Amino acid sequence: MDSWEKMKVSEKKQAATVGEPPGTYEELIRVIYDRYAELSKSYQKIFLYITQNPNYIAVDSVHVLAEKCGVHVSGCVRFAQSLGYKGFKDLQAIFRHRLSTVALGFNARVRASEDDIYPAYFFARAKDF
(Lines of atoms letter the chains of each structure in order from A and count residues from 1; the text may use other names and numbers.)
(Lines give C-alpha, C1' and ligand atoms only; values in the text may rest on other atoms or scores of the structure.)
Protein backbone atom coordinates (compact mmCIF):
# COMPACT_ATOMS: atom_id res chain seq x y z
CA MET A 1 0.00 0.00 0.00
CA ASP A 2 1.55 3.31 -1.07
CA SER A 3 1.33 6.53 0.94
CA TRP A 4 -1.57 7.86 -1.18
CA GLU A 5 -3.67 4.78 -0.38
CA LYS A 6 -2.71 4.99 3.30
CA MET A 7 -3.84 8.62 3.38
CA LYS A 8 -7.18 7.69 1.84
CA VAL A 9 -7.66 4.87 4.36
CA SER A 10 -6.75 7.22 7.22
CA GLU A 11 -9.22 9.86 5.99
CA LYS A 12 -11.97 7.25 5.58
CA LYS A 13 -11.39 6.11 9.17
CA GLN A 14 -11.65 9.70 10.36
CA ALA A 15 -14.87 10.18 8.42
CA ALA A 16 -16.34 7.01 9.91
CA THR A 17 -16.06 8.39 13.46
CA VAL A 18 -18.20 11.44 12.76
CA GLY A 19 -21.09 12.54 14.91
CA GLU A 20 -22.99 15.82 14.97
CA PRO A 21 -20.95 18.63 13.36
CA PRO A 22 -19.75 21.47 15.58
CA GLY A 23 -22.25 24.33 15.60
CA THR A 24 -19.92 27.21 16.45
CA TYR A 25 -16.43 28.30 15.54
CA GLU A 26 -15.23 27.67 19.09
CA GLU A 27 -16.66 24.14 19.12
CA LEU A 28 -15.13 23.45 15.71
CA ILE A 29 -11.65 24.52 16.77
CA ARG A 30 -11.90 22.52 19.99
CA VAL A 31 -13.00 19.35 18.15
CA ILE A 32 -10.22 19.61 15.59
CA TYR A 33 -7.63 20.48 18.22
CA ASP A 34 -8.63 17.42 20.26
CA ARG A 35 -8.25 15.20 17.16
CA TYR A 36 -5.14 16.89 15.76
CA ALA A 37 -2.66 14.09 16.53
CA GLU A 38 -4.93 11.58 14.78
CA LEU A 39 -5.41 13.69 11.65
CA SER A 40 -3.71 12.88 8.36
CA LYS A 41 -0.96 15.25 7.23
CA SER A 42 -3.37 16.81 4.69
CA TYR A 43 -5.99 17.44 7.36
CA GLN A 44 -3.35 18.91 9.68
CA LYS A 45 -2.34 21.35 6.92
CA ILE A 46 -5.98 22.37 6.47
CA PHE A 47 -6.50 22.76 10.21
CA LEU A 48 -3.43 24.95 10.62
CA TYR A 49 -4.47 27.16 7.72
CA ILE A 50 -8.07 27.61 8.86
CA THR A 51 -7.07 28.45 12.43
CA GLN A 52 -4.52 30.99 11.25
CA ASN A 53 -6.77 32.49 8.54
CA PRO A 54 -10.40 32.18 9.66
CA ASN A 55 -11.57 35.27 7.77
CA TYR A 56 -10.24 33.90 4.49
CA ILE A 57 -12.16 30.65 5.00
CA ALA A 58 -15.34 32.72 5.27
CA VAL A 59 -14.86 34.30 1.85
CA ASP A 60 -12.50 32.13 -0.23
CA SER A 61 -13.61 29.25 -2.42
CA VAL A 62 -12.69 25.66 -1.66
CA HIS A 63 -10.31 25.83 -4.64
CA VAL A 64 -8.41 28.75 -3.10
CA LEU A 65 -8.25 26.99 0.27
CA ALA A 66 -6.92 23.81 -1.33
CA GLU A 67 -4.27 25.74 -3.22
CA LYS A 68 -3.13 27.65 -0.15
CA CYS A 69 -2.98 24.45 1.91
CA GLY A 70 -1.20 22.48 -0.79
CA VAL A 71 -3.88 19.78 -0.88
CA HIS A 72 -6.45 18.62 -3.40
CA VAL A 73 -9.95 20.17 -3.39
CA SER A 74 -11.45 16.79 -2.55
CA GLY A 75 -9.27 16.71 0.58
CA CYS A 76 -10.88 19.94 1.79
CA VAL A 77 -14.35 18.53 1.15
CA ARG A 78 -13.48 15.27 2.94
CA PHE A 79 -12.02 17.29 5.83
CA ALA A 80 -15.37 19.04 6.25
CA GLN A 81 -17.22 15.72 5.97
CA SER A 82 -14.93 14.14 8.56
CA LEU A 83 -16.24 16.74 11.00
CA GLY A 84 -19.87 15.86 10.25
CA TYR A 85 -20.65 18.58 7.68
CA LYS A 86 -22.25 17.69 4.35
CA GLY A 87 -19.50 19.53 2.51
CA PHE A 88 -17.20 22.52 2.48
CA LYS A 89 -20.03 25.07 2.23
CA ASP A 90 -21.46 23.88 5.56
CA LEU A 91 -18.04 24.21 7.20
CA GLN A 92 -17.60 27.61 5.57
CA ALA A 93 -20.93 28.74 7.04
CA ILE A 94 -19.39 28.49 10.54
CA PHE A 95 -16.61 30.87 9.49
CA ARG A 96 -19.04 33.22 7.76
CA HIS A 97 -21.19 33.41 10.87
CA ARG A 98 -18.10 34.11 12.98
CA LEU A 99 -16.99 36.87 10.63
CA SER A 100 -20.43 38.48 10.54
CA THR A 101 -20.72 38.55 14.33
CA VAL A 102 -17.20 39.91 14.75
CA ALA A 103 -17.96 42.66 12.23
CA LEU A 104 -21.22 43.53 13.99
CA GLY A 105 -19.43 43.66 17.30
CA PHE A 106 -16.87 46.07 15.91
CA ASN A 107 -19.54 48.32 14.37
CA ALA A 108 -21.50 48.34 17.61
CA ARG A 109 -18.37 49.33 19.54
CA VAL A 110 -17.73 52.17 17.09
CA ARG A 111 -21.31 53.45 17.45
CA ALA A 112 -21.12 53.21 21.24
CA SER A 113 -17.88 55.15 21.33
CA GLU A 114 -19.35 57.78 19.00
CA ASP A 115 -22.33 58.11 21.34
CA ASP A 116 -19.93 58.66 24.23
CA ILE A 117 -17.64 61.08 22.40
CA TYR A 118 -19.95 63.33 20.41
CA PRO A 119 -22.46 64.33 23.11
CA ALA A 120 -19.65 65.12 25.52
CA TYR A 121 -17.90 67.18 22.86
CA PHE A 122 -21.03 69.11 21.93
CA PHE A 123 -22.02 69.74 25.55
CA ALA A 124 -18.53 71.03 26.28
CA ARG A 125 -18.70 73.32 23.23
CA ALA A 126 -22.21 74.55 24.20
CA LYS A 127 -20.77 76.08 27.37
CA ASP A 128 -18.60 78.31 25.18
CA PHE A 129 -21.64 79.98 23.62
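Per the numbering used here, the sequence shown starts with residue -17, numbered consecutively. Here a beta-carbon is modelled for each residue, glycine too, at the ideal position from N, C-alpha and C. Here the structure is a predicted model, which is why all the values come from computation and not from measurement.
1) Mind checking whether glycine 69 and alanine 62 have CB atoms under 8 Å apart?
2) In angstroms, rounded to a whole number, what distance separates the CA positions of leucine 30 and proline 3?
3) With the cut-off set at 8 Å, would you say glycine 66 and glycine 5 are in Cβ contact?
4) Closest by CA to serine 22, which one among Gly57, Lys50, Arg78, Val46?
5) On a Cα-Cα basis, can you pick out the residue from Tyr15, Gln26, Asn37 that is closest to threonine 83?
6) Please check the pair cysteine 51 and isoleucine 14, which I expect to be a contact at CB under 8 Å, by giving their CB distance rounded to whole angstroms.
7) Out of Glu8, Glu49, Asp72, point me to the one whose CA is closest to threonine 33's CA.
So, from the data block:
1) yes
2) 19 Å
3) no
4) Gly57
5) Asn37
6) Not really, about 14 Å apart at Cβ, beyond 8 Å.
7) Glu8
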